[in-house]
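Enquirer: Just so we're aligned: 98 in the working numbering is position 93 of the first sequence, and the numbers increase by one with no gaps anywhere.
Heads up, the beta-carbon is just placed ideally off N, CA and C, and yes, glycines get one too.
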Amino acid sequence: MKRLLEDYFKQDPLTCARGLIGCHFHWHGCVGRIVETEAYDSEDDPACHTWFRPSTRVFVEAHDAGTAYVYMNYGVHWLFNILVKGGARSGFVLFRALEPVSGIEQMRERRPGAKDVLLGAGPGRLTRALGIDGSVHGSRFLRAAGCGVFTGWPAEMIAGPRIGISRATDLHWRFGDAASPSLSRRF
DNA sequence: GCCAGGATGTTA
DNA sequence: AACATCCTGGCG
């Protein structure tokens, strides 16, 4: 397994989102297999925060590829994205689901009552399981000790419409490993 | 299946 | 001040 550094995130957000399926996400003692992602295009995508949030447009300009973009959704859940820029298009990849690999005891402690297979089966669930919150926003975690993304492969790549959005629902920019039991929803 | 919970950035 | 939002667990 090879560590992915900033250069990997200097390509099209769709390429990144697809390529991350099957990779391993390391976060301070826990490891999860990435089984679901979504791509967002900061230039031409009404579902991307840049479409209606000036502060997000500033964020894209001010930070490097590979920076964490973390925000609170519905006042309840932190959602974890990676900034992608430097290729043909720029934008974000949202982590939507992880399969627990190691550090499962820590994840269980943070998500009491959850079945193991569901510990990271959703964008809000996975941040809770890993202890990710707003303090991670803007950090260059790819090279941080105990953190990073490492290469892997999907068993069965699948794509479909993004979840939970009301605009640009025709775009099939959600990617996943169809063989995983830890998807946030069926494709 | 439906719905409350309740933070944040943005606009009125 | 009011609004919309890249969600989830609990209850039916």
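1) Checking the sheet assignment: what are the DSSP bridge partners for P105?
2) Which value, in whole angstroms, describes the spacing of the CA atoms of P51 and Y13?
3) Flag this pair as touching only if the region 40-56 and the region 172-179 have three or more C-beta atom pairs under 8 angstroms; answer yes or no.
4) Run the CB neighbour count on A67, radius 10 Å, all protein chains shown included, and call it buried at 16 or more, exposed below.
5) I need the DSSP call for E110, collapsed to helix, strand or coil.
6) Where does the unbroken beta strand (DSSP E) through E88 begin, and where does it stop?
7) Determine the closest residue to C152 out of E41, A160, S189 and V141, with distance taken between C-alpha atoms.
8) Consult DSSP for R145 and reduce its assignment to one of helix, strand or coil.
9) Let me make sure I understand the geometry here. Which of A102, C35 and L135 has the alpha-carbon closest to that of I168?
10) Go ahead and pull the three-state DSSP assignment for E11.
11) Considering only the beta carbon of each residue, do I87 and V98 sit closer than 8 angstroms?
12) For L135, which of helix, strand or coil comes out of DSSP?
13) Thinking C-alpha only, which one of P105, G127, V89 and G24 is nearest D69?
14) Have a look at R8, D49 and C35 and flag the residue whose alpha-carbon is nearest the alpha-carbon of P18.
15) Strictly by DSSP, which residues pair up with G96?
16) Given a cut-off of 8 angstroms, decide if F85 and T55 are closer than it, judged by their beta-carbon atoms.
17) Could you spell out where the alpha helix (DSSP H) holding R62 opens and where it closes?
Expert: According to the structure shown:
1) Taking the first sequence and counting its residues from 1, one reaches residue 105 at position 100. BP columns for P105 point to G37.
2) Position 46 of the first sequence holds residue 51. Position 8 of the first sequence holds residue 13. Distance between the alpha carbons of P51 and Y13 is about 25 angstroms.
3) yes
4) Along the first sequence, read from residue 1 onward, the residue named residue 67 stands at position 62. By the neighbour-count rule (16 or more Cβ atoms within 10 Å), A67 is not buried but exposed.
5) Within the first sequence, the letter at position 105 stands for residue 110. Of the three classes helix, strand and coil, the one that applies to E110 here is helix, per DSSP.
6) Position 83 of the first sequence, counting from 1, holds the residue named residue 88. Note that residue 88 is Leu in the sequence shown, not Glu. Segment H82 to V89, the beta strand (DSSP E) holding L88.
7) Translated into positions along the first sequence, residue 152 becomes position 147. Measuring from the Cα of C152, the nearest candidate turns out to be V141.
8) Sequence index remark: in the first sequence, residue 145 carries index 140 (1-based). In this structure, R145 counts as coil in the three-state DSSP scheme.
9) Start at 1 with the first residue of the first sequence, and residue 168 comes out as number 163. Among A102, C35 and L135, the Cα nearest to that of I168 is on A102.
10) Here the question's residue 11 lines up with position 6 in the first sequence. Helix at E11.
11) Position 82 of the first sequence holds residue 87. Position 93 of the first sequence holds residue 98. Contact flag set, yes.
12) Walking along the first sequence from the start, residue 135 turns up at place 130. Three-state result, L135: helix.
13) The sequence position of residue 69 within the first sequence is 64, counting from 1. Per the Cα distances, V89.
14) Position 13 of the first sequence, counted from the start, is the residue given in the question as residue 18. Cα-wise, what sits closest to P18 is D49.
15) Working through the first sequence from its first residue, we reach residue 96 at position 91. Answer is D46 and V89.
16) The sequence position of residue 55 within the first sequence is 50, counting from 1. The sequence position of residue 85 within the first sequence is 80, counting from 1. It is not a contact, given that the beta carbons lie outside the stated cut-off.
17) What you label residue 62 is simply residue 57 of the first sequence in a count that begins at 1. Run containing R62: P59 to A67, per the alpha helix (DSSP H) assignment.
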